[in-house]
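Trainee: So for the sequence shown, my numbering puts the first residue at 14; every next one is plus one. Think of the CB as a built atom: it goes at the ideal place given N, C-alpha and C, for glycine as much as any other residue. Structure incoming, see below.
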Amino acid sequence: MKRASQCQLFRGAWGGLLAAFVAAAALLPAQTRNLDIYWIDVEGGASTLIVSPSGESLLIDTGWTVDGRDAKRILAATREAGLQKIDYLLISHWHADHVGGLAALSKSIPIGRFFDHGDAIEKENQQWLDSYKAAATGKRTVVKPGDRLRIKGVQTLVVSSNQQVLAKPVNGGGPNPLCADAEQKAPVALENQRTAGVLLTFGKFKFLDLVDLDWEKEMELACPVNKLGQVTVYQTSRHGSFDGAGAPAFLGAIRPQVVVVNNGPRKGMGQVDNNVKSLTPAGKQGAPYERNAYLRLAKLPGIEGIWQEHLSLLDPDPKHNTAENMIANFEDTAECQGHWIKASVERDGKFTVTNSRNGFAKTYTAR
């Protein structure tokens, strides 16, 4: 009986160790998993899929309707990421190129929670708010600046919403010397100013997505105090269209290492800002700045890479677009395959950006 008892004790101890080992092994993938960000080609709309190291997902915007094209492209990205559902969806604002794909997408994959800037709306956009409410029934939350989306493994801070921005600086932000002669501009569109934008933090890595926020609101975030600090990756506002965004005092404050331009073939980057009539608050002419969006970005101190969803057919000059191997799509036809751009971020701040069109990849290290 004594020997049997010892054997049983041994087996019990071994069983406990084995169970602990299996449990630890099960946790290992989550602990070593990267943060993945997919910029999905919705041809001049916006759709960004974020998969945290915990496996939870956040989708920002759903592109256009276009006979379900963008919903299908988003669904393909979720499959590439190994997702069975989208845990969180943030709709930045009520424009067709940002919420149009939702109705079709919500029928194709489960969506857990919905976030937005609220019900403020113009009559012409009512159908998109109605579509959103139909999909989000019982699962909706209105966000304001300073709110945090509770996504395991990353910090996701709302920095703008419903025409408001952060009240106090975060991420090491402070006084911005670039504001002294900075040009002020009138609002581009009221709904763009309502955009819900976010700053995502994963260790040293910082990702800023302000979606369609305009010049005036960029200046509120940057002057006289930079409220955002410096970021690692910046997704261009207004699809890289710097006729109403890309304020130099703002771009110089956030100092991105890498920029992703979510433009379409004929929307966003390629439009030139010819407005030279705006005045500073002191009544002086604003300081000169580069009118071409790509060149304005390329001249930023510390910039290491610019990636584009599309070649700009508004301005296809090679000098006004990034290198071909860093452009995901070239076509302006129904045959466009909608290649994505992906960033995979390690815990030490090293991250690799990949172009799914050609497999070209480049690795950076977050400062």
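Which residues mark the beginning and the end of the alpha helix (DSSP H) in which VAL112 is found?
Mentor: 109-112
Trainee: What is the C-beta distance between ASP74 and GLY57, in whole angstroms, given that I count them as a contact (C-beta under 8 angstroms)?
Mentor: About 12 angstroms separates the beta carbon of ASP74 from that of GLY57, a gap too long to meet the 8 angstroms contact definition.
Trainee: Hey, how far is the Cα of ALA347 from the Cα of VAL79?
Mentor: 11 angstroms
Trainee: Can you list, in chain order, the residues of its chain with a C-beta nearer than 7 angstroms to that of ASN189? Leave out the 5 residues immediately preceding and following it.
Mentor: Excluding positions up to five away in sequence, the list reads ALA235, CYS236, PRO237, VAL238, ASN239, ALA262 and ALA266.
Trainee: Quickly, what does DSSP pair THR365 with across the bridge? List them, please.
Mentor: BP columns for THR365 point to SER357 and THR376.
Trainee: In terms of residue numbering, what span does the alpha helix (DSSP H) encompassing ALA306 cover?
Mentor: Where ALA306 is concerned, the enclosing alpha helix (DSSP H) stretches over 306-311.
Trainee: Please classify VAL178: does DSSP put it in a helix, a strand, or coil?
Mentor: In this structure, VAL178 counts as strand in the three-state DSSP scheme.
Trainee: If contacts are defined as beta-carbon pairs under 8 angstroms, then HIS106 and ARG207 qualify, I think. What distance do you get, rounded to the angstrom?
Mentor: 5 angstroms
Trainee: Based on the DSSP secondary-structure assignment, which residues constitute the bridge partners of ASN342?
Mentor: HIS323
Trainee: When we look at the beta-carbon of ARG82 and count the other beta-carbons within 10 Å, is it buried (16 or more) or exposed?
Mentor: buried
Trainee: Quick check: the Cα distance between PRO123 and ARG304, rounded to an integer number of angstroms?
Mentor: Going by C-alpha positions, PRO123 is about 43 angstroms away from ARG304.
Trainee: Is there contact here, the stretch 368-377 with the stretch 64-72, by at least three beta-carbon pairs under 8 angstroms?
Mentor: No: fewer than three Cβ pairs fall under 8 angstroms.
Trainee: If the criterion is Cβ atoms closer than 9 angstroms, does the pair ASN175 and GLY257 meet it?
Mentor: Result no, Cβ atoms of ASN175 and GLY257 do not sit closer than 9 angstroms.
Trainee: Please work out which residues of its chain come closer than 6 angstroms, Cβ to Cβ, to THR365, disregarding the five sequence neighbours upstream and downstream, and give them in chain order.
Mentor: SER357, ALA374 and THR376
Trainee: For GLN206, name the three-state secondary structure that DSSP assigns.
Mentor: helix
Trainee: From which residue to which residue does the alpha helix (DSSP H) around GLY265 run?
Mentor: Per DSSP, the continuous alpha helix (DSSP H) segment holding GLY265 begins and ends at 261-267.
Trainee: Cβ atoms of SER65 and VAL403: under 9 angstroms apart, would you say?
Mentor: Any answer about residue 403 is impossible in this case: the structure gives the chain only from 14 up to 380.
Trainee: So, for PRO269: in the same chain, excluding its five sequence neighbours on each side, which residues have a beta-carbon less than 6 angstroms away from its beta-carbon?
Mentor: VAL244 and TYR247
Trainee: If we call anything under 9 angstroms between Cβ atoms a contact, is GLY318 one with LYS217?
Mentor: Taking 9 angstroms as the Cβ cut-off, GLY318 and LYS217 do not qualify as a contacting pair.
Trainee: Would you mind stating whether ARG126 and LEU96 have Cβ atoms separated by less than 9 angstroms?
Mentor: Taking 9 angstroms as the cut-off, the Cβ atoms of ARG126 and LEU96 do not count as close.
Trainee: On the DSSP bridge assignment, give the partners of TYR51 in chain order.
Mentor: Paired residue(s): LEU62 and LYS355.
Trainee: Using the rule of at least 16 other Cβ atoms within 10 Å of the residue's Cβ for burial, across every protein chain shown, is ALA199 buried or exposed?
Mentor: exposed
Trainee: Should ASP222 and ARG251 be called a contact, given that it needs their Cβ atoms to be closer than 9 angstroms?
Mentor: no
Trainee: Who are the Cβ neighbours of ALA38 in its own chain at under 8 angstroms, not counting the five residues just before and after it?
Mentor: With a pLDDT of 43 at ALA38, under the threshold of 50, the modelled position of this residue cannot be trusted; read the value that follows with caution. So the list is empty, once near-sequence residues are dropped.
Trainee: Taking contact to mean at least 3 C-beta pairs separated by less than 8 angstroms, is the stretch 324-336 in contact with the stretch 180-196?
Mentor: no
Trainee: Based on the DSSP output, what are the partners of GLY277 in its beta bridges?
Mentor: LYS280
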